[in-house]
Amino acid sequence: MHNINVNGEDILKRQLELAEANRRLLSEQQVTAISIMGAIGSGKTSLIERMIDRLTSRGCHVGTIAADSAGDDDHQRFVSHGAVSINLNTQDDCHLDAHRVDHAMDHLPMELLDVLFIENVGNLICPADFPLGTAKEMVVISTTEGDDMVRKHPKIFAQTDILVLNKIDLADAVGVDPERILSDYARINPHGRIVCTDARHDKGIDELLDALGLQCTNTP
Amino acid sequence: MHEYSVAAELVNALLPQVAAVDGQIVGVILKKGEMRILSDHSLISAFEMVSEGTPLQGARLIIELVPVSVSCLTCGYQGAVEHVSDDAFHFSVPILTCPKCQSEVEMKTGRELYVDRLTVRTPMDTDGG
Chain A
842 MHNINVNGED
852 ILKRQLELAE
862 ANRRLLSEQQ
872 VTAISIMGAI
882 GSGKTSLIER
892 MIDRLTSRGC
902 HVGTIAADSA
912 GDDDHQRFVS
922 HGAVSINLNT
932 QDDCHLDAHR
942 VDHAMDHLPM
952 ELLDVLFIEN
962 VGNLICPADF
972 PLGTAKEMVV
982 ISTTEGDDMV
992 RKHPKIFAQT
1002 DILVLNKIDL
1012 ADAVGVDPER
1022 ILSDYARINP
1032 HGRIVCTDAR
1042 HDKGIDELLD
1052 ALGLQCTNTP
Chain B
7 MHEYSVAAEL
17 VNALLPQVAA
27 VDGQIVGVIL
37 KKGEMRILSD
47 HSLISAFEMV
57 SEGTPLQGAR
67 LIIELVPVSV
77 SCLTCGYQGA
87 VEHVSDDAFH
97 FSVPILTCPK
107 CQSEVEMKTG
117 RELYVDRLTV
127 RTPMDTDGG
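If you read the sequences in order, they're chains A and B. 842 is the number of the first residue of the first sequence in my numbering; add one for each residue after it. 7 is the number of the first residue of the second sequence in my numbering; add one for each residue after it.
See below:
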């Protein structure tokens, strides 16, 4: 038996190229895009609603891509908060990819937007392998998911920019020690930012916008 | 569970190249970056299914891990990083920080996914040649 060297082009190279093309388009249109990942029920949609409210009141034009395997519930919520939104059903796919984001952006008035929130499908494994071309990536976990979330999904937390610990008001009620989550994250991702929020009661949203670098000060 | 689509891309990319190979492909050696979130088990079983009926049928998919290496943006360090590990729980995560000065780094390797080489058995091998 013998070995043959193969012209081994990266199998996911196309994904990286598409993500880079998205990054260029966003930069040309001067849109700051944020990728939001996290499990189902962690509070991704509520956090985006709160951020839309803040940014819109500052005169910022916000777009959203609401990805879910089915339905348009999140999309309708974003629209009711004044965002220009597009619903993106991945059907049975467990993650968004750059190609789908590119198509979604075709249906948005990119030239009018300042900020674009891209809410990924609720999943903590697959989305990490598919960069979308955004300026920042954040992962949301809620205290109600337990204090072992970071150690159960270490790779996604090791390579994202911001950890948002949501439902911080419920930590005591569910017997979870937030410090354990935060110290796990700091150990795995020493340069990552941490923000604690309570989206339901509108707490921590300014800190989150600050961590995301979204200091929109357009005149309404 | 994106292993099946990855396996399909892998097989599709290889088929034009293996058409010219004289012999039976018995091994496909895939290099996988340490940061890739792909299950070896699922990739191997997906490869077996997707390669059925092609010249790659029966070949074994062998996955070799490419460790993370970085370049420090502050002190210029180039090389491997430290890990947070717990072997008992299949837990080993590279820490993306400079092991020398703890500054931010740029990842140089650790996200790749490509076929490095094929192992081929020719009629001469079968005859013991």
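For glycine and all other residues, C-beta sits at the position ideal for the given N, C-alpha and C.
Under 7 Å from the C-beta of Val847 (chain A): neighbouring residues of chain C: Structure shown: chain C not included; protein chains present are A and B.
Same chain, Cβ closer than 7 Å to His948 (chain A), neighbours up to 5 away in sequence not counted: Within the first sequence, the letter at position 107 stands for residue 948 (chain A). Closer than 7 Å at the Cβ level, and outside the excluded window around His948 (chain A), lie Ile927.
Starting from Asp92 (chain B), follow the beta strand (DSSP E) in both directions and report where the run begins and ends. Residue 92 (chain B) sits at position 86 when you count from the first residue of the second sequence. Run containing Asp92 (chain B): 89 to 92, per the beta strand (DSSP E) assignment.
For the stretch 99 to 107 of chain B and the stretch 13 to 20 of chain B, state whether three or more C-beta atom pairs, one from each stretch, are separated by less than 8 Å. When C-beta atoms of the stretch 99 to 107 of chain B are compared with those of the stretch 13 to 20 of chain B, fewer than three pairs fall below 8 Å, so the two segments do not count as touching.
Amino acids of chain A, ordered along the chain, whose beta-carbon sits closer than 8 Å to that of Ala19 (chain B): Locating residue 19 (chain B) in the second sequence gives position 13, where the first residue counts as 1. Chain A residues near Ala19 (chain B): Glu850, Ile852.
Beta-carbon separation (whole angstroms), Val72 (chain B) vs Met113 (chain B), contact threshold 8 Å: As a first step, residue 72 (chain B) is located in the second sequence; it is residue number 66 there, counting from the start. As a first step, residue 113 (chain B) is located in the second sequence; it is residue number 107 there, counting from the start. About 11 Å; that fails the 8 Å criterion.
Taking contact to mean 3 or more Cβ pairs, one atom from each stretch, closer than 8 Å, check whether the stretch 53 to 66 of chain B and the stretch 76 to 92 of chain B are in contact. Pairwise C-beta distances place the stretch 53 to 66 of chain B out of contact with the stretch 76 to 92 of chain B, as fewer than three of them are shorter than 8 Å.
Specify the secondary structure class of Pro1061 (chain A) as computed by DSSP and reduced to three states. Taking the first residue of the first sequence as 1, we reach residue 1061 (chain A) at position 220. With a pLDDT of 45 at Pro1061 (chain A), under the threshold of 50, the modelled position of this residue cannot be trusted, and the question is left open.
Closer than 8 Å is the cut-off here; do at least three beta carbon pairs connect the stretch 938 to 957 of chain A with the stretch 972 to 986 of chain A? In short, these stretches touch, since the Cβ pair count reaches three.
Please report the residue range of the alpha helix (DSSP H) in which Ser77 (chain B) lies. Against the second sequence, residue 77 (chain B) aligns to sequence position 71. Going by DSSP, Ser77 (chain B) is part of no alpha helix (DSSP H) but of the beta strand (DSSP E) stretching over 75 to 78.
Since His843 (chain A) is in the alpha helix (DSSP H), which residue starts that stretch and which ends it? One-based indexing of the first sequence puts residue 843 (chain A) at position 2. Per DSSP, His843 (chain A) lies in no alpha helix (DSSP H); the unbroken beta strand (DSSP E) holding it starts and ends at 843 to 846.
Tell me whether Gly135 (chain B) sits in a helix, a strand or coil according to DSSP, three-state version. Here the question's residue 135 (chain B) lines up with position 129 in the second sequence. Interpretation of Gly135 (chain B) is limited by its pLDDT of 45, a score under 50 that renders its predicted location unreliable; the figure taken from the coordinates is listed afterwards. Judged by DSSP in its simplified three-state form, Gly135 (chain B) adopts coil rather than helix or strand.
DSSP beta-bridge partners of Met878 (chain A): Residue 878 (chain A) sits at position 37 when you count from the first residue of the first sequence. Under the DSSP definition of a beta bridge, Met878 (chain A) partners with A:Val980.
Expressed to the nearest angstrom, what Euclidean distance is found between the alpha-carbon atoms of Gly135 (chain B) and Leu20 (chain B)? Along the second sequence, one-based indexing puts residue 135 (chain B) at 129. Along the second sequence, one-based indexing puts residue 20 (chain B) at 14. Legend: pLDDT at Gly135 (chain B) = 45, less than 50; position of this residue unreliable, value from coordinates given subsequently. When rounded, the distance between both Cα atoms is 27 Å.
So the candidates are A:Ile881, A:Pro950, A:Asp1043, A:Arg1021; which of them puts its Cα closest to the Cα of Val872 (chain A)? Reading the first sequence from its first residue, position 31 is the one you call residue 872 (chain A). It is A:Pro950 whose Cα lies nearest to the Cα of Val872 (chain A).
Between Arg127 (chain B) and chain A, is there a C-beta pair that is closer than 7 Å? Translated into the one-based positions of the second sequence, residue 127 (chain B) becomes position 121. For Arg127 (chain B), the answer is yes, since a Cβ of chain A falls inside 7 Å of its Cβ.
Taking just the CA atoms, how far does Ile1009 (chain A) sit from Ala65 (chain B)? Position 59 of the second sequence holds residue 65 (chain B). Position 168 of the first sequence holds residue 1009 (chain A). The alpha-carbon atoms of Ala65 (chain B) and Ile1009 (chain A) are separated by roughly 51 Å.
When you compare the CB of Met842 (chain A) with every CB in chain B, is at least one pair closer than 7 Å? On the first sequence, position 1 is the one that residue 842 (chain A) refers to. Cβ-Cβ to chain B under 7 Å: yes for Met842 (chain A).
If you draw a straight line from the alpha carbon of Leu79 (chain B) to that of Thr984 (chain A), how long is it in whole angstroms? Start at 1 with the first residue of the second sequence, and residue 79 (chain B) comes out as number 73. Start at 1 with the first residue of the first sequence, and residue 984 (chain A) comes out as number 143. Their backbone Cα atoms lie some 34 Å apart in a straight line.
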